[in-house]
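Just so we're aligned: 99 in the numbering used here is position 8 of the sequence shown, and the numbers increase by one with no gaps anywhere. Positions of the beta carbon are idealized from the N, C-alpha and C atoms, including for glycine. Structure first, then comments.
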Amino acid sequence: MMTKEKMLYSRTAASRILGVMPHHVQIQVWPRVVLAQVKGSRPRFLSLKAFHQDFVETRKTLALDLHCKLVTHHQYLVSNPENGHQHQVLLHDSGLHCNCDDYQNQKAFLKQACCKHCYAVLFASGYQNLHEYINAQQSKIGA
């Protein structure tokens, strides 16, 4: 079962942050830090912020390989050319909504959700992040 801790604080994320192979890392999530032990090295404390940044940056990087097709003014079909999977992304004034599992898990555990499919649509629409998109939508409403 997915939890916030499993989603954000993983061995794979720690390995990306530390620049080592995932099978060399063991982690323990503490209240304000993550203790990472790399084989043959001293334990290191990693900030929770580093994991949050990795979470976002990983999805942004993965989004670059996806293809977006505008279906209607507020709907995109995002496809992965490697595996052929497609997901629907809907644009709303308050954010984006995707039908993928990652988005659903983020929505369940985090305040805001933005999967790689949402980032692909944001990039295709000229935005760099979700906050930029939401601010632009609120400006349109207020104008």
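Can you have a look at Leu161 and say buried or exposed, based on whether 16 or more other CB atoms are within 10 angstroms of its CB? Your numbering for residue 161 matches position 70 in the sequence shown. With fewer than 16 Cβ atoms within 10 Å of its Cβ, Leu161 is classed as exposed.
Pair every Cβ in the region 182-201 with every Cβ in the region 133-140, then say whether three or more of these pairs are closer than 8 Å. no
Distance, His208 Cα to Glu148 Cα: What you label residue 148 is simply residue 57 of the sequence shown in a count that begins at 1. What you label residue 208 is simply residue 117 of the sequence shown in a count that begins at 1. If you take the alpha carbons of Glu148 and His208, they lie about 13 Å apart.
Please go through the region 198-223 and give each complete alpha helix (DSSP H) segment of 4 or more residues, from N-terminal end onward. 207-215
Please report how far the alpha carbon of Glu96 lies from the alpha carbon of Val212, in whole angstroms. Within the sequence shown, the letter at position 5 stands for residue 96. Within the sequence shown, the letter at position 121 stands for residue 212. Approximately 27 Å between the Cα atoms of the pair.
Using a Cβ-Cβ cutoff of less than 6 Å, which residues in the same chain neighbour Phe125 once the five nearest sequence positions on both sides are dropped? One-based indexing of the sequence shown puts residue 125 at position 34. The sequence shown places Val at residue 125, rather than the Phe named in the question. Contacts found: Tyr100, Ile118 and Leu137.
Cβ-based neighbour list, Gln219, same chain, cut-off 8 Å, excluding 5 preceding and 5 following: On the sequence shown, position 128 is the one that residue 219 refers to. Counting only Cβ-Cβ distances below 8 Å, and skipping sequence neighbours, we find Leu213.
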